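Whatever position you read off the sequence shown (first residue = 1), add 245 for my numbering.
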Amino acid sequence: MVTSNLSKNVPWQFCVFGVTKMKVTFTLFYCILVLLNATNLSSLRADTKKEAIQITKTSTNVRFGLLGKKPVKPAPTLFIFSGTIEESLGDSYFRQCGNMLYEQGYLCISLDLPCHGVDKRSDEPNGLDGWRYRIDHNESIFTDFNAKVSKVLNYLISEDYTDSSKVSVCGTSRGGFIAANYAAADRRMKCIAMFCPVTDLLKLQEFKNVRNYDMVDSMSLVNLAERLVGRPVWLVIGDQDTRVDTDSAIAFARTVSQVSGKKSQMELHIMPEPGGHVTPKGSAESAAKWIIKNMGQV
């Protein structure tokens with residue numbers, strides 16, 4: 246039996262519970278190799294995913310990103326919105342249902358949101374503060390963006406990237422707000438998935454005491470409900486989301502359901518989420534299966 250005195254009095258280089266110095270050295274060397282290999286594999290996985298994102302432009306010079314390469318035949322296509330192209334396509338959290346759909350052969354596409362990435366102008370703030378800035382100056386945050394998305398979709402269809410009968414859109418938080426607005430403007434979006442979406446800008450801290458109140462109020466998603474009738478809409482939000490306001494999301498979903506009547510295809514999921522403004526666990530996979538159900542396999 247090895248006593249505690251042995252482990253204290255005998256230098257570890259020569260004996261560790263009866264193991265020779267050579268064996269210890271080999272073991273340590275092996276462990277280091279394993280750790281280095283794991284690190285390299287992790288880096289390789291990250292680089293592979295990064296390299297899979299292609300930034301390109303349409304023939305009309307509209308910049309967009311796609312995950313992967315051009316398919317051999319027109320494929321079902323998912324537009325993904327969250328912030329920048331790199332964030333939307335490069336981060337598994339913001340890819341959401343795109344993670345599973347990409348593996349199933351779907352084409353995943355994104356554009357920089359208004360005031361994000363290259364869309365940000367030098368004289369305005371970034372992100373939601375930029376939205377506030379544009380609205381304060383009586384500028385729509387949708388007109389230019391929606392036109393760009395439409396041109397990208399036209400390009401993808403004309404160049405045989407996209408099956409025009411199988412186009413969907415999803416978005417997280419502000420991206421969900423943008424996704425719903427674009428879908429309302431373009432009926433080629435066959436279904437819409439929204440993850441903890443902004444549904445009313447007035448609920449956000451960034452729009453507190455906004456100068457152009459009426460304009461912002463008119464942008465609430467409840468005002469788009471009638472333009473979404475006849476198409477499947479899927480929404481998930483945590484039960485304690487104070488950032489974008491759970492109740493506002495519920496109100497939007499209920500309005501879509503009410504104006505749709507018996508034709509309603511509104512699917513609302515309120516899930517326990519103590520983390521607040523976080524996509525509830527398992528939501529992305531559920532949304533992917535829902536999209537496949539509505540649009541079919543590749």
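Positions of the beta carbon are idealized from the N, C-alpha and C atoms, including for glycine. For clarity, every value in this text was computed on a predicted model and none was experimentally measured.
Quiz prompt | Contact check, Thr322 vs Lys396, beta carbons under 7 Å | solution = Translated into the one-based positions of the sequence shown, residue 322 becomes position 77. Translated into the one-based positions of the sequence shown, residue 396 becomes position 151. No, the Cβ-Cβ distance between Thr322 and Lys396 is not below 7 Å.
Quiz item: Quick one: what does DSSP say Glu512 is sitting in, helix, strand or coil?
Solution: Counted from its first residue, the sequence shown places residue 512 at position 267. The answer is strand: DSSP assigns Glu512 an E or B state.
Quiz item: So what does DSSP say about Ile386, is it helix, strand or coil?
Solution: Numbered from its first residue, the sequence shown carries residue 386 at position 141. In this structure, Ile386 counts as coil in the three-state DSSP scheme.
Quiz prompt | Ala438 - partner residues in DSSP beta bridges | solution = In the sequence shown, the residue the question calls residue 438 occupies position 193. DSSP output for Ala438 lists Cys415, Trp479 as bridge partner(s).
Quiz item: What first and last residue would you give for the alpha helix (DSSP H) that runs through Ser463?
Solution: Taking the sequence shown and counting its residues from 1, the one referred to as residue 463 is at position 218. Note, Ser463: alpha helix (DSSP H), 458 to 463.
Exercise. From the DSSP output, in three-state form, read off Lys396 for me.
Key: In the sequence shown, counting from the first residue as 1, residue 396 sits at position 151. If DSSP states are grouped into helix, strand and coil, Lys396 belongs with the helices.
Quiz item: What residue does the beta strand (DSSP E) around Phe339 start on, and which one ends it?
Solution: Residue mapping note: residue 339 aligns to position 94 of the sequence shown, counting from 1. Per DSSP, Phe339 belongs to no beta strand (DSSP E); it is in the alpha helix (DSSP H), 337 to 340.
Quiz item: Is the beta carbon of Val443 less than 7 Å from the beta carbon of Ser418?
Solution: Along the sequence shown, read from residue 1 onward, the residue named residue 443 stands at position 198. Along the sequence shown, read from residue 1 onward, the residue named residue 418 stands at position 173. In contact: Val443 and Ser418 (Cβ atoms closer than 7 Å).
Practice problem: Within its chain, find whatever has a CB closer than 6 Å to the CB of Gly541; leave out the 5 residues flanking it on each side and keep chain order. | Solution: Translated into positions along the sequence shown, residue 541 becomes position 296. No residues qualify anywhere along the chain.
Quiz item: Alpha carbon to alpha carbon, what distance is there between Gly475 and His361?
Solution: As a first step, residue 361 must be located in the sequence shown, where it is residue number 116. As a first step, residue 475 must be located in the sequence shown, where it is residue number 230. Taking the straight line joining both Cα atoms gives about 31 Å.
Quiz item: Which stretch, first to last residue, makes up the beta strand (DSSP E) that contains Gly225?
Solution: Given that the chain is displayed from residue 246 to residue 543, the structure contains no residue 225 and the question cannot be resolved.
Exercise. Report, in whole angstroms, the separation of the C-beta atoms of His522 and Cys441, which I expect to be a contact under 8 Å.
Key: Indexing the sequence shown from 1 puts residue 522 at position 277. Indexing the sequence shown from 1 puts residue 441 at position 196. Contact holds; Cβ gap of about 6 Å.
Exercise. Assuming Gln341 and Ala532 form a contact by the criterion Cβ under 8 Å, report the distance between their Cβ atoms to the nearest whole angstrom.
Key: Working through the sequence shown from its first residue, we reach residue 341 at position 96. Working through the sequence shown from its first residue, we reach residue 532 at position 287. About 7 Å separates the two Cβ atoms, so the contact holds.
Practice problem: Report the residue from Ala320, Phe326, Asp374 whose alpha carbon sits nearest the alpha carbon of Glu348. | Solution: Taking the sequence shown and counting its residues from 1, the one referred to as residue 348 is at position 103. Cα-wise, what sits closest to Glu348 is Ala320.
Practice problem: Determine, using beta carbons only, whether Tyr400 and Leu352 come nearer to each other than 7 Å. | Solution: Counting from 1 along the sequence shown, the entry for residue 400 is found at position 155. Counting from 1 along the sequence shown, the entry for residue 352 is found at position 107. Going by C-beta atoms, Tyr400 is not nearer than 7 Å to Leu352.
Exercise. Compute the Euclidean distance between the alpha carbons of Gln510 and Val489, then round it to the nearest angstrom.
Key: What you label residue 510 is simply residue 265 of the sequence shown in a count that begins at 1. What you label residue 489 is simply residue 244 of the sequence shown in a count that begins at 1. Distance between the alpha carbons of Gln510 and Val489: 23 Å.
Quiz item: Using CA coordinates, which residue listed in Gly483, Asn306, Lys315 is at the minimum distance from Ala392?
Solution: Position 147 of the sequence shown holds residue 392. Closest by alpha carbon: Asn306.
Quiz prompt | Residues near Asn344 in its chain [Cβ-Cβ closer than 7 Å; skip 5 each side] | solution = By one-based count along the sequence shown, residue 344 stands at place 99. Answer for Asn344: Ser337, Ala529, listed in chain order.
Quiz item: Mind checking Asp459: buried by the 16 CB within 10 Å criterion, or exposed?
Solution: Residue 459 sits at position 214 when you count from the first residue of the sequence shown. So Asp459 ends up on the exposed side.
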